[in-house]
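Residue numbering for the sequence shown follows full-length UniProt numbering, starting at 1 and increasing by one per position. Note that the Cβ used here is the ideal one computed from N, Cα and C, for glycine as well. All values reported here derive from a predicted model rather than from experimental measurement. These notes are about the structure you will find just below.
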Amino acid sequence: MTGENSRKALVVRGGWEGHAPVEATELFVPYLEKQGFEVVRAESPAPYADAAFMAGVDLIVQCYTMGTIERAELQGLEAAIRAGTGMAGWHGGIADSFRNSSDYLHLIGGQFACHPGKEPDAPDAGTQEHYFVPYTVNMAPEAAGHPITEGISDFDLLTEQYWVLTDDYIDVLATTTQRVRAWDPWHREVTSPAIWTRRWGKGRIFVATPGHSVDVLQHDSVRTVIERGMVWASR
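Shown next as structure tokens:
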């Protein structure tokens, strides 16, 4: 759906190919179009530096794991969000982007630290599957009425469980707890945000840490949360 009254969504994708940035973002394009967005795709963060273009962007959907961002691109991204452009993303595409920039980490409010795997001598050691562990996403009771998580109960996944480093200027909608296993060097359970939002100037930011692969994004609860999160974040 396009036209004078439609909103514009910029989909920025790339970085590490293990997160299938093209396939993952295309999964959500039909939903965005159904919601009235004109979708523009970019394979790098270069559009962030174009102030005139960004002024017309209502929502950024970013799936760009690791990679780098230039100073002008970051400044443009921050300025756009401060002025009211929304930003949404999942997993490493937003919470493990642009490790070279502390200002980016400050903007997002949470950074991937690790995804602890199975026992070190497991048969799949050295593969991505080694880090697929069963865990629960626990919905925050205080977020029961939030438009992103309303009606969604705790749910279980078998995928990477993100341990993230965050500050307290985020609004946590769901958490996940990393248990202590016999082989782990930590001595107590660690609870990390799994879904959060952040206000920045006039803009809104939405982050969900599940989403390593397309099958995880197709999980009913994960997909619903991300779809609602994109709409909530949009200008």
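If you look at serine 102, you'll find it in the alpha helix (DSSP H) that goes 102-108.
Taking a contact to require three or more Cβ pairs closer than 8 Å, the region 70-88 and the region 144-152 do not qualify as touching.
The three-state secondary structure of isoleucine 81, taken from DSSP, is helix. When DSSP states are grouped into helix, strand and coil, lysine 34 belongs to the helix group. Between valine 133 and proline 210 a beta carbon distance of about 12 Å is seen, past the 8 Å cut, so the two are scored as non-contacting.
Annotated as distal: glycine 14 and tyrosine 48, with beta-carbon spacing of 7 Å or more. Straight through space, the alpha carbons of threonine 175 and isoleucine 195 are spaced by roughly 7 Å. The beta carbon of histidine 187 is closer than 8 Å to those of Val180 in its chain, skipping five residues each way along the sequence. Excluding residues up to 5 positions away in sequence, Gly36, Phe37, Glu38 lie with their Cβ nearer than 7 Å to the Cβ of serine 6 in the same chain. Contact annotation: glutamate 160 and tyrosine 131 have beta-carbon atoms nearer than 7 Å. Each of Arg228, Pro45, Asp220 was checked against the Cα of threonine 197, and the nearest Cα belongs to Arg228.
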